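Read through the structure below, which is laid out as structure tokens, and then see the notes.
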Amino acid sequence: MKSDRIEDLWSQLRLHIEWAKGFSLILLFAQHPQPVKLLRERLADSLRLRTQRLRVWQPSSTDEVGTLAEQIFKASGNLAAGPLWVELWRHAAEGSWQQARTQLLLRLNERRFLLERDLRKPLLLLLPQEEHGTVYVYAPDLWAIRSFSADLPNPPNPPPRELRGHAAAGPARTELVSASRQASELEWERLWTGTADRARLDPRDGFAAFAAARERGDLDAAGVVAAQTLELARAQVVATSTMIRERNLVIAVSQLGDLAADLGDLEAARGAYGESLELSRRLRTSLGDTPQVLRDLSVSLERVGGVAADLGDLEAARSAYGESLELRRRLRTSLGDTPQVLRDLSVSLERVGGVAADLGDLEAARSAYGESLELRRRLRTSLGDTPQVLRDLSISLERVGGVAADLGDLEAARSAYGESLELSRRLRTSLGDTPQVLRDLSVSLNKLGGVAADLGDLEAARSAYGESLELRRRLRTSLGDTPQVLRDLSVSLDNVGGVAADLGDLEAARSAYGESLELRRRLRTSLGDTPQVLRDLSISLNKVGGVAADLGDLEAARSAYGESLELRRRLRTSLGDTPQVLRDLSVSLDNVGGVAADLGDLEAARSAYGESLELSRRLRTSLGDTPQVLRDLSISLNKVGGVAADLGDLEAARSAYGESLELRRRLRTSLGDTPQVLRDLSVSLERVGGVAADLGDLEAARSAYGESLELRRRLRTSLGDTPQVLRDLSISLERVGGVAADLGDLEAARSAYGESLELSRRLRTSLGDTPQVLRDLSISLNKLGGVAADLGDLEAARSAYGESLELRRRLRTSLGDTPQVLRDLSVSLDNVGGVAADLGDLEAARGAYGESLALCRQLHAALPEHPRFAKELTDAETRWAALSEC
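Under my numbering, read the sequence shown as residues 5 to 890, first letter to last.
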């Protein structure tokens, strides 16, 4: 008997016992006393901690078995007593015992209704393993309502009886099958292939096998089981239509939808879920509004809503989720606040909240999530800290935290995520390191890490992401390379890579992203080119491309982005123009356009951005003016405007920026002054202001920059001094200062630049010397140095320029010779050289200009086609020549 098998079985059994609030039937099949004794003692000890007692029956004769049914029903009167443990697994081959067990099962099966109504506690029946395949024949109703069943593992010697006759098959093959397929799958295969009259099979055994195959990522096996159970369910309904059989057909059809969704065929999923919903509505018409009918209908509506949301039809999703919620409110009215009713209602509220968030109605989302959270707190009060209650509450807190973050209330988000994490840690303490517990804990850590990063606490983010990654590596060690394990691990690596990049450790980021990419390539090899696999791989390639670009390896970035784009074009070919496919393709085109622009290939950038914009317009045509569609379109317009400006087509840039600004004003009108809306609007105003300044319309530029600054001051008032708020405000002040200087108002410029510099210094104090912080601070110093020089304060200018140069040398030391680093350093050297020349220190000027010229030559040699670097090299040579003449 392998200890890990019995430990896993105990973990599952314990959860089923603790979650049970009422009658629950558990069937265990045994051959050896050792695992029976171990589980019995474990369960008794666990119940004792909760002041409950395990009631045990171990009949020594068939006569005692004959009285068991009445004793079980009499036990229903003692509500304080614990679960019932009935051992009937001995004497497996003796005819009298077989007959006694069969009679007991028949009597319990006949009185199933009384069991469910009166015996409000778990009933554990331990039967011989040899009778595993016959229980459903003698007691089909009991088999149908069981909550859990399992074969108990046997000690290694002697080997289990059913394996002795198959030694020729070899242990390797047996271990391989056991490792790759779950017990429920093997059981279903045995039933399907070994039952002559398949009409007697219970589709619910197939449903369990389907779920197991899906969980381990074997969609081919899941498809086979789904087809078999659908065939069985339809045949049984045709033969004799009963409520149970009609309901089984609903589930069987839904399975086809689940499988289609997993394969990325959302239209097929919608068709299957639609048929399942129609069947559920027919059941309602024929049976009336019974609780089971209403609940099944609400589940079907949720599935329809889910696939509608995935297809981008958010209004259809909202309608389906809304109808489901209405049904669950009706069930609450008729049944009262039972735990199942309250939990179902909380789930519906989460669905409604999710689609409201997707539609941009964050207040509605907050309201729905808040009501769901309140219900789950009530369940905790009434049921206590059961694992299911704590897990549900943890998930609700994550939802509340997510919408709080979207609304810009990062402290509220941190509080909710923190409470959720605390619950996940409690579950680990009480349940141990089960796979579900560890995975939930890792998810909670990722949420907390995300909000810590948003708050600028990058060390806290790194710590949380690191702990999550450690847990997922442990899961890989214990569970092996299952698809879910590998995918979760790759997500954690992406998080670790992201915070490493934010902290300026680009090599660590590249390493993490590279390992994540390797895992996703492995998943592709093992699972094939499923839509999820290809999409995940394209995301990893984008991450790798991003850090390569940050490291200055633009060719590597172009290669990664190009491969990602190729995958997304393949997904479009296979899946069609679904909203997700088109949006992902648009993002990839933006990445390809960005690296093309960095490489100086502005025409290629314009082409990529143009295709991305075309896709965004198509999405608007098909989906309408949803908030996500309008925001994505505005981003594409900004990209197109940017490359047009770089190409010198300022009118085209003004047109694109203007259209983007109009869209963002519309979003403000429809969504209100949410933080995201106000920030996006401020960015668009800056773009409009920039192109106006380039066109010489300084008053229009001042107006746009001023409105943007006003919005960012409002955001500071509402959100507080978060790193993002302070950085955005600092940038706005620089824009305002720049146009003031262009208009000749140098004092106003100095005031704006001074306030911007103060904010940059504050960010350095709070965040430390990250690359972003140091670069922003160096820019602020250059701005202040420039206006000081214009005002004739050359010493102040030299001081500011000198500090900026020192920062940029530090960045070169830490980041290496990336194009951005070299260009920034050359600009600082030009500034230092210029003020030195103005002060008459020609040697210092010559040294600075000479070093700048060398950097410009280095950049031009690395990127000879880049027009900006070519122009800057010419300018540097001109400065050097002019100084040499002095």
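Where is the CB? At the ideal position from N, CA and C, for every residue including glycine.
None of the values given here were measured: they were computed from a predicted structure.
Check your understanding: By Cβ distance, which residues of its chain are closer than 6 angstroms to cysteine 860, with the 5 residues on each side in sequence left out?
Key -> Ser830, Glu876, Leu877 and Ala880
Exercise for review: Out of Ser578, Leu545 and Thr582, state which residue places its alpha-carbon closest to the alpha-carbon of serine 592.
Suggested key: Leu545
Review point. Leaving out five residues before and five after leucine 29 in sequence, what residues of the same chain have Cβ atoms less than 7 angstroms from its Cβ?
Key: Leu127, Leu146, Ile149, Arg150 and Ser151
Practice item. Would you decide whether glutamine 35 is buried or exposed? Buried here means 16 or more other CB atoms lie within 10 Å of its CB. Key: buried
Review point. What do you get for leucine 108, buried or exposed, if any count of 16 or more other CB atoms within 10 angstroms of its CB means buried?
Key: buried
Practice item. Would you mind stating whether arginine 683 and aspartate 732 have Cβ atoms separated by less than 8 angstroms? Key: yes
Review point. Hey, serine 688 and serine 664: beta-carbon distance below 8 angstroms or not?
Key: yes
Check your understanding: Tell me, which residues are paired with serine 153 by DSSP?
Key -> Serine 153 pairs with Leu31.
Exercise for review: State buried or exposed for alanine 200, treating a residue as buried only when at least 16 other CB atoms are found within 10 Å of its CB.
Suggested key: exposed
**Study point:** Three-state secondary structure assigned by DSSP to arginine 672
**Key:** helix
Practice item. Classify alanine 612 as buried or exposed, calling it buried when 16 or more other Cβ atoms lie within 10 Å of its own Cβ. Key: buried
Point to revise | Rounded separation between serine 448 and proline 391 - CA only | key: 16 angstroms
Check your understanding: Who are the Cβ neighbours of leucine 427 in its own chain at under 7 angstroms, not counting the five residues just before and after it?
Key -> Leu394, Leu397 and Ser398
Review point. What are the boundary residues of the beta strand (DSSP E) that includes glutamate 93?
Key: Before going further, note that residue 93 is tryptophan rather than glutamate in the sequence given. Per DSSP, tryptophan 93 is not a residue of any beta strand (DSSP E), being assigned neither H nor E.
Review point. Rounded to the nearest angstrom, how far is the Cβ of leucine 767 from that of leucine 737, given a contact under 8 angstroms?
Key: Between leucine 767 and leucine 737 the beta-carbon gap is near 13 angstroms, outside 8 angstroms, which marks them as no contact.
Exercise for review: Consult DSSP for alanine 176 and reduce its assignment to one of helix, strand or coil.
Suggested key: With a pLDDT of 27 at alanine 176, under the threshold of 50, the predicted position of this residue should be treated as unreliable, and no value is reported.
Point to revise | Secondary structure, alpha helix (DSSP H): runs of 4+ residues fully inside the region 229-301 | key: 247-266 and 270-291
Point to revise | Cβ contact check for the region 272-279 and the region 306-323: 3 or more pairs under 8 angstroms | key: yes
Practice item. Run the CB neighbour count on glutamine 62, radius 10 Å, all protein chains shown included, and call it buried at 16 or more, exposed below. Key: exposed
Check your understanding: Based on Cα-Cα distance, which residue from Leu589, Gly26, Arg524 and Gly470 lies nearest to glycine 502?
Key -> Gly470
Practice item. Would you kindly check if the distance between the Cβ of leucine 761 and the Cβ of leucine 730 is under 8 angstroms? Key: no
Practice item. Starting from the Cα of asparagine 450, find the closest Cα among Glu114, Arg477, Ser496 and Pro868 and give me that residue. Key: The shortest Cα separation from asparagine 450 among Glu114, Arg477, Ser496 and Pro868 belongs to Ser496.
**Study point:** One or two residues paired with valine 60 in a DSSP bridge
**Key:** Trp89
Exercise for review: Please go through the same chain and pick out, in chain order, the residues whose beta-carbon is closer than 6 angstroms to the beta-carbon of phenylalanine 214, but skip the five residues on each side of it.
Suggested key: Ala226, Val229, Ala230 and Gln259
Practice item. Could you work out which residue in Met247, Ala320, Arg322 and Gly261 is closest to threonine 289 when comparing CA atoms only? Key: Met247
Practice item. Specify, as a first and last residue, the run of the beta strand (DSSP E) that leucine 130 falls within. Key: DSSP places leucine 130 in the uninterrupted beta strand (DSSP E) bounded by 126-132.
Practice item. Using the Cα positions of glycine 796 and glycine 508, report the straight-line distance between them to the nearest angstrom. Key: 37 angstroms
Check your understanding: Expressed to the nearest angstrom, what Euclidean distance is found between the alpha-carbon atoms of glutamate 267 and leucine 571?
Key -> Here residue 267 is leucine; the residue named in the question, glutamate, does not match the sequence. In a straight line, the C-alpha of leucine 267 is about 16 angstroms away from that of leucine 571.
Exercise for review: Would you give the residue range spanned by the alpha helix (DSSP H) that arginine 347 belongs to?
Suggested key: 343-362
Exercise for review: Rank Leu383, Tyr373 and Arg573 by C-alpha distance to the C-alpha of alanine 420 and give the top, closest one.
Suggested key: That would be Tyr373, whose Cα lies nearest to the Cα of alanine 420.
Point to revise | Those runs of the alpha helix (DSSP H) which lie wholly inside the region 744-801 and span at least 4 residues | key: Taking only runs of at least 4 residues, the alpha helix (DSSP H) segments lying wholly in the region 744-801 are 750-771 and 775-794.
Practice item. Give me the Cα-Cα distance between glutamine 240 and aspartate 269, rounded to the nearest whole angstrom. Key: 28 angstroms
Review point. Alpha carbon to alpha carbon, what distance is there between aspartate 492 and glycine 532?
Key: 18 angstroms
Practice item. Spatial neighbours of valine 585 within its chain, please: CB distance less than 6 angstroms, with the 5 preceding and 5 following residues excluded, ordered by chain position. Key: Closer than 6 angstroms at Cβ, skipping near neighbours: Leu575, Arg576 and Leu579.
Review point. Taking Cβ to Cβ, would you say glutamine 56 is nearer than 8 angstroms to glycine 86?
Key: yes
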